[in-house]
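J.:
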Amino acid sequence: MLDTRTLPALQAAISDAGIDGWLLFDFQGLNPVAAGLLALHGMTTRRYFVFIPKAGEPVAITHAIEQGPWEKWPANWSREQYSGWKPLEDLLRKHLAGKKIAMEYSPGDAIPYLDRIPAGVIEMVRSAGATVVSSGDLVSRFYAVWTDAQLESHKRAAKLVSKIAQEAIKMAGARADSDPATEFEIQQWIMQQFENHSLNTIHEMIVAVGPNAA
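For the sequence shown, the numbering used here begins at 3 and goes up steadily by one.
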């Protein structure tokens with residue numbers, strides 16, 4: 003999360019990367035990295051940019067009619083408003099001209115999970131006189147890293163999943179001669195074990211043998 007405590011480490015990383023700043027952008031949830039780092043309060047429906055320079059205070063470029071989500075923006079950090087195309091372009095030029103900046107951009111879409119900025123926005127930023135590079139290393143360090151609690155949760159889940167997998171294999175083996183279990187039965191057995199142990203999954207796991215595993 004971007005705040006006065008994390009800013010020094012973030013700016014040191016920006017400086018070490020040999021760039022002038024990190025430009026966050028979002029529009030209606032397109033960029034989870036920006037949303038996660040800024041943790042704004044309330045819904046945003048207009049485009050916003052936040053420029054984090056390698057030195058100095060961050061600046062938020064926000065729409066004039068959407069100031070509520072920015073109420074907790076630090077008072078000593080700059081917040082500028084736009085209300086149309088021209089003012090937005092002028093503000094981007096003011097803060098970005100001649101600078102090399104990182105954005106959630108992956109050349110050739112090589113890393114789809116990182117490639118969050120629309121091509122039109124990249125064009126607009128470049129038209130403001132900036133050079134755009136990937137923010138991948140910054141994202142890995144300041145957004146994608148787990149907390150201690152998340153790591154411990156993952157370790158607990160991994161042990162349970164391993165135990166359930168071994169038990170599923172034993173169950174299938176025990177029934178192999180007299181009453182072979184179908185792929186669906188094994189899948190549903192595993193799902194029941196997940197529920198019993200309060201494990202969450204986004205979809206049912208694949209249990210497949212032979213041609214079905216291709």
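Here a beta-carbon is modelled for each residue, glycine too, at the ideal position from N, C-alpha and C.
The structure displayed is predicted, hence computed values, not measured ones.
Just how far apart, CA to CA, sit residue 51 and residue 203?
T.: Counting from 1 along the sequence shown, the entry for residue 51 is found at position 49. Counting from 1 along the sequence shown, the entry for residue 203 is found at position 201. If you take the alpha carbons of residue 51 and residue 203, they lie about 34 Å apart.
J.: Is residue 33 buried or exposed, if buried means 16 or more other CB atoms sit within 10 Å of its CB?
T.: The count along the sequence shown starts at 1 and reaches residue 33 at position 31. Per the 10 Å Cβ criterion, buried.
J.: Is residue 29 helix, strand or coil by DSSP?
T.: Taking the sequence shown and counting its residues from 1, the one referred to as residue 29 is at position 27. If DSSP states are grouped into helix, strand and coil, residue 29 belongs with coil.
J.: Count the other CB atoms within 10 Å of the CB of residue 64; is the residue buried (16 or more) or exposed (fewer)?
T.: As a position in the sequence shown, residue 64 is number 62, starting the count at 1. Buried: at least 16 other Cβ atoms inside 10 Å.
J.: Counting pairs of beta carbons, one from the region 81 to 97 and one from the region 55 to 71, are three or more of them closer than 8 Å?
T.: A contact exists between the region 81 to 97 and the region 55 to 71.
J.: Taking Cβ positions, are residue 48 and residue 68 nearer each other than 8 Å?
T.: As a working note, residue 48 is residue 46 in the sequence shown. As a working note, residue 68 is residue 66 in the sequence shown. Yes. Within cutoff.
J.: Please give the ranges of any beta strand (DSSP E) in the region 131 to 214, keeping only runs that are unbroken, at least 3 residues long and fully inside the region.
T.: Listed in chain order, they are 133 to 136.
J.: Going along the chain, which residues of its own chain have a beta-carbon closer than 7 Å to the beta-carbon of residue 41, five neighbours each way excluded?
T.: The count along the sequence shown starts at 1 and reaches residue 41 at position 39. Excluding positions up to five away in sequence, the list reads 3.
J.: Could you have a look at residue 125 and say whether DSSP puts it in helix, strand or coil?
T.: Within the sequence shown, the letter at position 123 stands for residue 125. Of the three classes helix, strand and coil, the one that applies to residue 125 here is helix, per DSSP.
J.: I need the straight-line Cα distance from residue 150 to residue 143, nearest angstrom please.
T.: What you label residue 150 is simply residue 148 of the sequence shown in a count that begins at 1. What you label residue 143 is simply residue 141 of the sequence shown in a count that begins at 1. Spanning the two alpha carbons is a distance of roughly 14 Å.
J.: CA-CA distance, residue 76 and residue 5?
T.: Your numbering for residue 76 matches position 74 in the sequence shown. Your numbering for residue 5 matches position 3 in the sequence shown. Straight-line Cα distance between these residues: approximately 8 Å.
J.: So which of 175, 9, 102 and 83 has the shortest CA-CA distance to residue 59?
T.: Counting from 1 along the sequence shown, the entry for residue 59 is found at position 57. Checking every option, the nearest Cα to that of residue 59 belongs to 9.
J.: What is the DSSP secondary structure of residue 101, counted as helix, strand or coil?
T.: Walking along the sequence shown from the start, residue 101 turns up at place 99. Coil at residue 101, not helix or strand.
J.: Are the CB atoms of residue 98 and residue 108 within a distance shorter than 8 Å?
T.: On the sequence shown, residue 108 is found 106 positions in, with the first residue counted as 1. On the sequence shown, residue 98 is found 96 positions in, with the first residue counted as 1. In this structure, residue 98 does not lie closer than 8 Å to residue 108 by Cβ.
J.: Under the three-state reduction of DSSP, which class applies to residue 82: helix, strand or coil?
T.: As a position in the sequence shown, residue 82 is number 80, starting the count at 1. Three-state result, residue 82: strand.
J.: If we count the other Cβ atoms within 10 Å of its Cβ and call it buried at 16 or more, is residue 72 buried or exposed?
T.: Within the sequence shown, the letter at position 70 stands for residue 72. With 16 or more Cβ atoms within 10 Å of its Cβ, residue 72 is classed as buried.
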